[in-house]
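Numbering (the UniProt record's numbering), first residue to last: 1 to 186. Even for Gly, the Cβ is constructed at its ideal location relative to N, Cα and C. From a predicted model like this one, the values you see are computed outputs, not experimental measurements. Notes follow the structure.
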Amino acid sequence: MSTAKVWRAADYVRMPWKNGGGSTEEISRDAGTGLDGFGWRLSIADIAESGGFSTFAGYQRVITVIKGAGMVLTVDGEEQRGLLPLQPFAFNGESQVSCRLITGPIRDFNLIYSPQRYHARLQWVDGVQQFFSTAQTVLVFSVADEVKVLGETLGHHDCLQVDGNTGLLDISVSGRSCVIELTALG
1 MSTAKVWRAA DYVRMPWKNG GGSTEEISRD AGTGLDGFGW RLSIADIAES
51 GGFSTFAGYQ RVITVIKGAG MVLTVDGEEQ RGLLPLQPFA FNGESQVSCR
101 LITGPIRDFN LIYSPQRYHA RLQWVDGVQQ FFSTAQTVLV FSVADEVKVL
151 GETLGHHDCL QVDGNTGLLD ISVSGRSCVI ELTALG
């Protein structure tokens with residue numbers, strides 16, 4: 001039987017980056033403590049100045065700017081396209097990554113997961129969306145002032161987490177948000 005939990009933005013725990021260059025607010029994770037032992041993790045990072053990213057060997061990362069003008073990433077020496085708000089970008093956690101802010105500080109939303117342990121799908125939705133999911137864990141992260149999902153109302157940067165899904169979960173989302181589906185492998 002699946003269980004649902006709402007994570008409120010006001011309760012997120014702030015922690016330093018692995019490289020000490022900034023801080024992040026952790027939303028949720030599957031296991032572990034600190035920056036070790038998790039199979040997947042959601043967080044919001046504040047980037048005040050251009051610089052390097054922490055590495056996460058053995059993980060895949062998906063990053064999305066949620067506040068500010070955006071940034072340009074350089075991944076393993078190759079400059080990427082400009083990363084504008086609500087445009088996700090995926091890269092290998094082992095990569096050497098740095099960013100150049102376009103016009104000042106930003107906030108970004110991060111999914112970090114182990115592709116050896118989880119299958120992950122991330123998509124941004126706007127307006128009313130209905131979909132069905134067989135993922136074991138489904139997360140809906142709000143970037144609107146109000147998002148309605150599974151009978152819950154999420155505020156700005158709140159997150160709904162459904163765990164233990166074993167069937168076909170019928171989900172209707174109204175409002176701008178990110179939907180993440182995670183299923184353990186093996």
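- Between S54 and T137, the alpha-carbon positions lie close to 26 Å from each other.
- When DSSP assignments are scanned along the segment 29 to 100, no uninterrupted stretch of alpha helix (DSSP H) that is 4 or more residues long falls wholly within it.
- For R61 against F38, the beta-carbon gap comes to about 13 Å, at or over 8 Å, which does not count as contact.
- For the pair L86 and Q80, the Cα-to-Cα distance works out to about 16 Å.
- Ranked by how close their Cα comes to the Cα of P88, the residues L111, I47 and L185 have L111 in first place.
- Straight-line measurement puts the Cα of R14 at about 6 Å from the Cα of E26.
- Counting the other Cβ atoms within 10 Å of the Cβ of V147 gives 16 or more, which makes it buried.
- Using a C-beta cut-off of 8 Å, the segment 125 to 144 makes contact with the segment 162 to 176, since at least three inter-stretch Cβ pairs fall below that distance.
- Rounded to whole angstroms, the gap between the alpha carbons of G186 and R117 is 8 Å.
- If you draw a straight line from the Cα of G164 to the Cα of T183, it is about 10 Å long.
- Under DSSP, A184 takes part in a beta bridge, and its partners are Y118.
- Here the alpha carbon of F56 sits roughly 11 Å from the alpha carbon of W17.
- The segment 115 to 184 contains, as complete beta strand (DSSP E) runs of 3+ residues, the segments 118 to 125, 128 to 133, 137 to 142, 147 to 149, 152 to 154, 159 to 163, 169 to 174 and 177 to 184 (chain order).
- Residue pairing for I106: DSSP places it in a beta bridge opposite I47.
- Residue pairing by DSSP places Y113 opposite W40 and Q60 in a beta bridge.
- Here the alpha carbon of T153 sits roughly 15 Å from the alpha carbon of C178.
- Residue burial annotation: D76 is exposed, with fewer than 16 other C-beta atoms found within 10 angstroms of its C-beta.
- G155 and Q123 have their C-alpha atoms some 19 Å from each other.
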